[in-house]
Structures are given as structure tokens and as C-alpha cells.
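Here the working numbering = 1-based position in the sequence shown + 5. We put the beta carbon where it would ideally sit given N, CA and C, even for glycine. Predicted model only: the values in this text are computed from it and were never measured. Heads up, the thing below is written out as C-alpha cells.
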Amino acid sequence: MCAAREPDAQDRDLMLRASAVLLPPGRLPALYAQARRYCGLVFPEYGPRYAYPGKIGDIRLFQELNLPHPRTECFDDLSSCPDSYWENIEYPVIVKHSTGGEGRLVYVAHGPQEAADVLSVFQGMERSGLYGFMVQELVPADQRTLRVVVMHRQVYSYWRVQLDEHKVVHNLAQGGRIDDDSDQDLQAQGRSLVGQLCDRTGINLAGIDVLFDFRSDREPQPLLLEINYFFAVHGLGGLEAYHEKLKLAVREWLVDHDLALPAKDFG
């Protein structure tokens with residue numbers, strides 16, 4: 006644990022002697038880098054998190070792996086997006102800032118003027134040093150997103166449903182509700198797609214969001230939306246239930262690496 010500090014020499018010595026390192030949640034790239042350097046065997050696997058940072062990084066990872074995702078254009082800053090771009094795209098579109106979370110800084114633009122209004126918000130953010138945004142097709146997703154939580158061998162899924170038809174985000178913080186039961190066949194498809202992502206990246210602790218394209222002329226198709234390495238736990242039964250699931254995942258990970266510990270060590 007390195008709360009509010011960078012890892013030091015004592016941490017390095019402990020990692021050198023360790024058989025494995027279990028990392029806390031949170032964005033701690035220096036701690037992850039040192040754990041990989043001095044021990045090598047690390048849970049969770051955060052390599053993709055730091056190699057492909059943020060929402061833009063997620064999309065670039067999906068593109069590199071050629072995995073299905075909503076059609077998306079990524080821009081590192083406003084200057085990299087010419088004005089003519091907004092005159093030549095098909096509306097409506099979703100415009101997201103790279104720093105948003107819990108459904109914040111996600112906008113629907115129905116034309117160039119609405120897009121310009123969104124960009125004016127991003128312009129103010131750039132003056133504060135916050136850069137990057139994406140433009141994404143508006144997928145007819147039946148007002149819901151599938152959250153797939155990967156915890157090593159264990160995979161859990163549930164829908165986040167938005168009852169307000171005027172909102173395009175489905176986060177619980179934006180009024181969404183949890184639905185564990187509906188469309189188990191689609192949930193299985195979503196888990197399968199997430200499994201492909203994890204098999205190819207090593208991701209073993211994350212909440213991964215999947216949209217389904219419900220266009221009337223085709224069967225619903227799963228699309229990877231984003232990866233959340235630090236995620237809400239309401240859909241898993243709350244914090245206590247999440248901790249029990251996490252302990253199970255860690256025990257299984259240790260067993261898979263011939264490092265099983267007594268159950269008492271997991272409280």
C-alpha cells in the first residue's frame with residue numbers, strides 16, 4: 006500500500022523478496038512499474054491501463070485488436086480537429102471528453118452548432134490542461150449498457166438501464182438502475198466478447214462496458230465501449246460482497262501460480 010506517496014527503497018526491497026505483488030486499486034503507475042520490475046508477478050494486470058490510458062486509450066486498444074466497438078474518432082486536442090470535420094459527419098453523434106467519468110462530460114450533438122457548443126466547454130478545459138475528446142456514433146442501445154466485471158477466473162454481468170429516454174448515459178450516478186436477469190443470451194454474448202479482450206491483453210480486474218446495437222435490420226451485436234479499472238460495486242451486491250469476490254479472485258490467481266496461501270490470510 007502506497008497511500009499518498011511514491012514507492013521507496015523499502016518497498017523495492019520487499020518486492021525483490023516477494024513471490025508476488027498484490028496491488029491496491031487506484032491509479033499508481035510508479036508502483037505498478039516497480040512491482041513489474043522487481044517482482045514480475047503482479048495482480049491485477051495493469052499493463053494495458055498505462056499503455057492505453059483513459060477513454061481514448063480504450064478505443065485505440067480496441068482498434069489495434071480489431072475488436073468490435075462503436076465507430077469512433079479520437080482527437081488529442083481541439084487543434085487536431087478541423088472545423089470542416091463537423092460539416093462532413095453524420096449526426097447525431099456522442100461527443101465525450103477523455104477525462105469524464107460516471108456519465109459526466111458526455112454530450113449528444115445533433116448538428117454542427119450543438120457540436121460547437123460542446124467544444125466551447127472543452128476549450129475551457131484545455132485552458133486548465135485537460136485535453137482529448139472523442140466523437141462516437143450514437144448506437145441505438147435500448148437505453149441500457151451491459152457491465153461485465155472480470156475478476157480473474159470469475160466473470161459477472163448485469164445491465165445498467167436508463168429509464169429517462171432523454172439521457173444517453175446509463176450510469177447509476179445518472180439515474181440508471183441495475184437489472185441482473187434480462188436477456189441472458191445477450192449477457193453471454195457480452196461476456197464472450199469481453200473474454201476475447203481479456204485473453205489478448207491479460208486484463209484480470211476491471212469493469213468493462215458493452216453496448217448492444219439494436220438496429221431493427223439486424224440481430225443485436227455486442228460492442229466494446231470502455232474499460233473501467235476502478236469501478237462502482239453496487240451491481241456486485243455492495244462493498245462487502247465485492248471484497249469477498251475479490252478475495253476469491255486473488256486466491257484463485259495465487260493457486261494458478263502455485264502460490265496458494267491459507268484461507269486465514271484473507272480474513
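Residue state for PHE67 is assigned as helix, using DSSP reduced to three classes. Here the alpha carbons of GLU119 and GLU95 stand approximately 13 Å from one another. Cα atoms of LEU151 and PRO34: separation of roughly 28 Å, rounded to the nearest angstrom. In the displayed model, GLY212 falls within a strand according to three-state DSSP. Taking the Cα positions, ILE208 is about 25 Å away from VAL166. The beta strand (DSSP E) runs lying completely inside the stretch 84-115 and spanning 3 residues or more are 98-102 and 111-114, given in chain order. Membership of ASP184 in the beta strand (DSSP E) is indicated by the continuous run 182-184.
Counting only runs of 3 or more residues that sit fully inside the stretch 225-260, the beta strand (DSSP E) segments are 226-233, in chain order. For GLN159, the enclosing beta strand (DSSP E) starts and ends at 159-166.
Sequence-distant partners of HIS74 (beyond 5 residues in either direction) whose C-beta falls short of 8 Å from its own C-beta, in its chain, are ILE64, PHE67, GLN68, LEU228, LEU229 and LEU230. Going by beta carbons, PHE236 and GLY200 fall outside the 8 Å limit.
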